[in-house]
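Asks: Below is a structure I'd like to ask you about.
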Amino acid sequence: MDAKHIRNFSIIAHIDHGKSTLADRLIEYTGTLTEREMEAQVLDNMDLERERGITIKAQTVRLHYKAKDGEIYELNLIDTPGHVDFNYEVSRSLAACEGALLVVDATQGVEAQTLANVYLALEHDLEIIPVINKIDLPSAEPEMVKQEIEDIIGLDTSDAVLASAKTGIGIEDILEQIVQKIPAPPADNDKPLKALIFDSYFDAYKGVIAHIRVVDGMIKPGMRLKMMATGKEFEVTDIGCFRPAPVNINMLESGEVGFVAGSLKNVRDVRVGDTITAANNPADEALPGYRGVTPMVYCGLYPVDSSDYENLKDALEKLQLNDAALTFEPETSIALGFGFRCGFLGLLHMDVIQERLEREYKLKLITTAPSVIYHVYKTNKEMVKIDNPASMPPPTEIEHIEEPYVKATVIVPNDYVGPVMEISQDKRGVFKTMDYLDVNRVMVVYHIPLSEIIYDYFDKLKSATRGYASLDYELTDYQPSKLVKLDILLNGEPVDALSTIVHVDRAASRGRQLAEKLKNIIPRQMFEIPIQAAVGNKIIARENVRAMRKDVLAKCYGGDITRKRKLLEKQKEGKKRMKAVGSVEVPQEAFMAILKID
Ligand code: GDP
Ligand code: MG
323 MDAKHIRNFS IIAHIDHGKS TLADRLIEYT GTLTEREMEA QVLDNMDLER
373 ERGITIKAQT VRLHYKAKDG EIYELNLIDT PGHVDFNYEV SRSLAACEGA
423 LLVVDATQGV EAQTLANVYL ALEHDLEIIP VINKIDLPSA EPEMVKQEIE
473 DIIGLDTSDA VLASAKTGIG IEDILEQIVQ KIPAPPADND KPLKALIFDS
523 YFDAYKGVIA HIRVVDGMIK PGMRLKMMAT GKEFEVTDIG CFRPAPVNIN
573 MLESGEVGFV AGSLKNVRDV RVGDTITAAN NPADEALPGY RGVTPMVYCG
623 LYPVDSSDYE NLKDALEKLQ LNDAALTFEP ETSIALGFGF RCGFLGLLHM
673 DVIQERLERE YKLKLITTAP SVIYHVYKTN KEMVKIDNPA SMPPPTEIEH
723 IEEPYVKATV IVPNDYVGPV MEISQDKRGV FKTMDYLDVN RVMVVYHIPL
773 SEIIYDYFDK LKSATRGYAS LDYELTDYQP SKLVKLDILL NGEPVDALST
823 IVHVDRAASR GRQLAEKLKN IIPRQMFEIP IQAAVGNKII ARENVRAMRK
873 DVLAKCYGGD ITRKRKLLEK QKEGKKRMKA VGSVEVPQEA FMAILKID
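In structure tokens:
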């Protein structure tokens, strides 16, 4: 298609403001899917996305729209995730677009992620079209939300579309604005090929499939292409676009978005952010790639069944293919055996990867408590980066420790400022600024240790503000903190996978709470199990898991058969995720217990 008739755009929004539903309406309105083929949030095709109602992977879909000017336009829509952990995905998608629909819920207004996403869109110089969504709801306040967008973001909202992605109000207006306001992609079919890989995945039949935005030149089947960063060459077998299922087509021209597959079997040959060019007529220079992402949160992943080690490695490699933010390297634990130290952008990212490994790759895993990266300055003047509490040098070798701090931006109704401040202070946060967004909402900024955020900061904020608080954070710097390693001993043996790093003032209470928690998690066994919490050589708490009474079931005999069955079921359920640590059977929950205490 002539590039003049192409529009490439994303939808950006705070979570739950209606991106995916709006995408549904656009797909439906343009007849891309028939009503019968349509299902809610059709682009969220991962089971996990459907169940949680969130978008994890960005998706693309090509729509054909006959505009009021009588011309047919090709609209390439890239749906993006809205959660803070997935900013990286958003950024990648935006690099393939010229414009973005900014969706704001008319009942909620501008939230922390609305701002974060707008900043990303502005960084990419995108034309932004404001859409005030959910105006069908009685509590909608579109005028106030428009004013907020003007005041906080500084966008002109005189043409903002008032829409309901649920009932279909405003959809035509949105499509018209896309055509009229978003610039056509700059394009030149005659230049040497340059295409940006913005995503990729592994297909069992076709091998690696790369999602691309063609910037210059064009691609046809049979062409020989080359990856500019890795140097890998391949022959094109399939090219196509998503409607939203993959459909083969016979060329991709400059300005277009689609996919390319070929003789690419190794996931490592296809790097997201790399530029594809023609092998016989290569471009001089690659497109600017993506800024690298560094994981902020690390945890250990271990197969419950140690013979699954290779399968786990294989699965991590495949997931890493379209998730550059995921890192992993082999690690061994005395308690858990062979596994991987994995890096994530945040806790949700960690959760999602773990769940995908279990569902899509049928792996049973033990996950250890998440940790940030500490900078440990040793007495010998060396600095080591520690992402695993178990590898912390002994206290005598440590001069001081620094931990990562973030700038946390919280937006709440002003009635809840008190609780937000209380929680932030309790999490060692340092107050920075407070600004009124409108008459009843404020934006509070704290400088706070990342480790506190990844524990339960957001959960606490949510429950203290009846779900109203929204949070965004970005890494700012490292600050010295008085930190110590808290060890747990089971049956007198330290369990490396249960060690955590805590602030010295919290060590005693954390130790006590953790020991108590573990006492309730670790099932009774044939012998008594002492649980001790220690800092260095000093035991700071102790609990006992009493030995099992041999007649747990005896009581049920002759009695209620369903109760007995339930008891056995429960035991079996618990067994699934047990790991023998020395002589003690430890359930998965134990390794995460630290997250569940105050
Ligand atoms: P996303 O997280 O931004 O992708 O949001 P979703 O599209 O998943 O929508 C979040 C929730 O809001 C879902 O329950 C939708 O059904 C609902 N929703 C989305 N748009 C509208 C709307 O215009 N009106 C109403 N009443 N509900 C909407
Ligand atoms: Mg969504």
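Note that this note's numbering has the sequence shown beginning at 323, numbered continuously upward.
Just so it is clear, CB atoms sit at the ideal spot from N, CA and C, and this is done for glycine as well.
The structure presented is a predicted model; accordingly, all values stated were derived computationally and were not measured.
Could you work out which residue in 430, 840, 839, 855 is closest to residue 829 when comparing CA atoms only?
Replies: As a position in the sequence shown, residue 829 is number 507, starting the count at 1. Cα-wise, what sits closest to residue 829 is 855.
Asks: Do three or more CB pairs link the region 722-738 to the region 758-771 at distances below 8 Å?
Replies: The answer is yes - the region 758-771 touches the region 722-738, with three or more Cβ pairs under 8 Å.
Asks: If you count every other CB in all the chains shown that lies within 10 Å of the CB of residue 421, and 16 or more means buried, which is it?
Replies: What you label residue 421 is simply residue 99 of the sequence shown in a count that begins at 1. Buried.
Asks: Could you tell me the distance, in whole angstroms, from the CA atom of residue 793 to the CA atom of residue 616?
Replies: By one-based count along the sequence shown, residue 793 stands at place 471. By one-based count along the sequence shown, residue 616 stands at place 294. Near 20 Å, if we compare the C-alpha coordinates of residue 616 and residue 793.
Asks: Shorter than 7 Å, the distance from the beta carbon of residue 533 to the closest heavy atom of ligand 1, or not?
Replies: Counted from its first residue, the sequence shown places residue 533 at position 211. Result no, Cβ not under 7 Å from ligand 1.
Asks: Could you spell out the range, first to last residue, of the alpha helix (DSSP H) harbouring residue 745?
Replies: Counting from 1 along the sequence shown, the entry for residue 745 is found at position 423. Where residue 745 is concerned, the enclosing alpha helix (DSSP H) stretches over 739-748.
Asks: Shortest alpha-carbon distance to residue 562 belongs to which of 618, 581, 577?
Replies: Reading the sequence shown from its first residue, position 240 is the one you call residue 562. Of the candidates 618, 581, 577, the one whose C-alpha sits nearest the C-alpha of residue 562 is 581.
Asks: Could you have a look at residue 555 and say whether DSSP puts it in helix, strand or coil?
Replies: The residue labelled residue 555 in the question sits at position 233 within the sequence shown. Looking at residue 555 - three-state DSSP - the assignment turns out to be strand.
Asks: Could you tell me the alpha carbon to alpha carbon distance between residue 396 and residue 680, rounded to whole angstroms?
Replies: In the sequence shown, the residue the question calls residue 396 occupies position 74. In the sequence shown, the residue the question calls residue 680 occupies position 358. Their backbone Cα atoms lie some 38 Å apart in a straight line.
Asks: Pick out the complete beta strand (DSSP E) segments inside the region 732-801, 3 residues or longer, and give them in chain order.
Replies: Those beta strand (DSSP E) runs which fall completely within the region 732-801 and span 3+ residues are 752-760, 763-771.
Asks: Using a 10 Å radius around the Cβ and a threshold of 16 neighbouring Cβ atoms, would you call residue 584 buried or exposed?
Replies: Stepping through the sequence shown from its first residue, residue 584 is reached at position 262. Result: buried.
Asks: Let me know if residue 388 comes out buried or exposed under the rule of 16 or more other beta-carbons within 10 Å of its beta-carbon.
Replies: Counting from 1 along the sequence shown, the entry for residue 388 is found at position 66. The residue in question, residue 388, is exposed, as its Cβ has fewer than 16 Cβ neighbours within 10 Å.
Asks: Do residue 338 and ligand 1 come close, with the Cβ less than 7 Å from some heavy atom?
Replies: What you label residue 338 is simply residue 16 of the sequence shown in a count that begins at 1. Yes - ligand 1 has a heavy atom lying nearer than 7 Å to the Cβ of residue 338.
Asks: What's the gap between the Cα of residue 686 and the Cα of residue 624?
Replies: For the purposes of this step, residue 686 is taken as the residue at position 364 of the sequence shown. For the purposes of this step, residue 624 is taken as the residue at position 302 of the sequence shown. One C-alpha to the other measures close to 8 Å.
Asks: Where residue 746 and residue 676 are concerned, what is the direct C-alpha to C-alpha distance, given to the nearest angstrom?
Replies: Residue numbering aside, residue 746 sits at position 424 when the sequence shown is read from its first letter. Residue numbering aside, residue 676 sits at position 354 when the sequence shown is read from its first letter. One C-alpha to the other measures close to 29 Å.
Asks: Taking 7 Å as the cut-off, is the beta-carbon of residue 784 closer than that to any non-hydrogen atom of ligand 1?
Replies: Taking the first residue of the sequence shown as position 1, residue 784 is located at position 462. Answer for residue 784: no, Cβ out of range of ligand 1.
Asks: How about residue 827 and residue 816: do their beta carbons lie closer than 8 Å?
Replies: By one-based count along the sequence shown, residue 827 stands at place 505. By one-based count along the sequence shown, residue 816 stands at place 494. No.
Asks: Taking only three categories from DSSP, how would you classify residue 568?
Replies: Indexing the sequence shown from 1 puts residue 568 at position 246. In the structure shown, residue 568 sits in a strand (DSSP, three-state: E or B).
Asks: So which of 769, 739, 774 has the shortest CA-CA distance to residue 757?
Replies: As a working note, residue 757 is residue 435 in the sequence shown. Among 769, 739, 774, the Cα nearest to that of residue 757 belongs to 739.
Asks: From the DSSP output, read off the bridge partner residues of residue 525.
Replies: Within the sequence shown, residue 525 is the residue found at index 203, counting from 1. Residue 525 is bridged to 529.
Asks: Could you tell me the alpha carbon to alpha carbon distance between residue 647 and residue 833, rounded to whole angstroms?
Replies: For the purposes of this step, residue 647 is taken as the residue at position 325 of the sequence shown. For the purposes of this step, residue 833 is taken as the residue at position 511 of the sequence shown. Their Cα atoms are separated by approximately 33 Å.
Asks: Starting from residue 386, trace the beta strand (DSSP E) both ways and give me its first and last residue.
Replies: On the sequence shown, position 64 is the one that residue 386 refers to. 381-388 is the span of the beta strand (DSSP E), which, as asked, contains residue 386.
Asks: Shortest alpha-carbon distance to residue 512 belongs to which of 538, 860, 495, 498?
Replies: Working through the sequence shown from its first residue, we reach residue 512 at position 190. Nearest of 538, 860, 495, 498 to residue 512, Cα basis: 538.
Asks: Please go through the same chain and pick out, in chain order, the residues whose beta-carbon is closer than 6 Å to the beta-carbon of residue 696, but skip the five residues on each side of it.
Replies: In the sequence shown, residue 696 corresponds to position 374, counting from 1. Result list for residue 696: 708, 723, 725, in chain order.
Asks: In the DSSP assignment, find the unbroken alpha helix (DSSP H) run with residue 837 in it and report its ends.
Replies: As a working mapping, residue 837 is identified with position 515 in the sequence shown. Element bounds for residue 837: 826-843.
Asks: As a quick exercise: from 473, 784, 414, 482, pick the residue whose alpha carbon is nearest that of residue 424.
Replies: Here residue 424 is taken as the residue at index 102 of the sequence shown, counted from 1. Checking every option, the nearest Cα to that of residue 424 belongs to 482.
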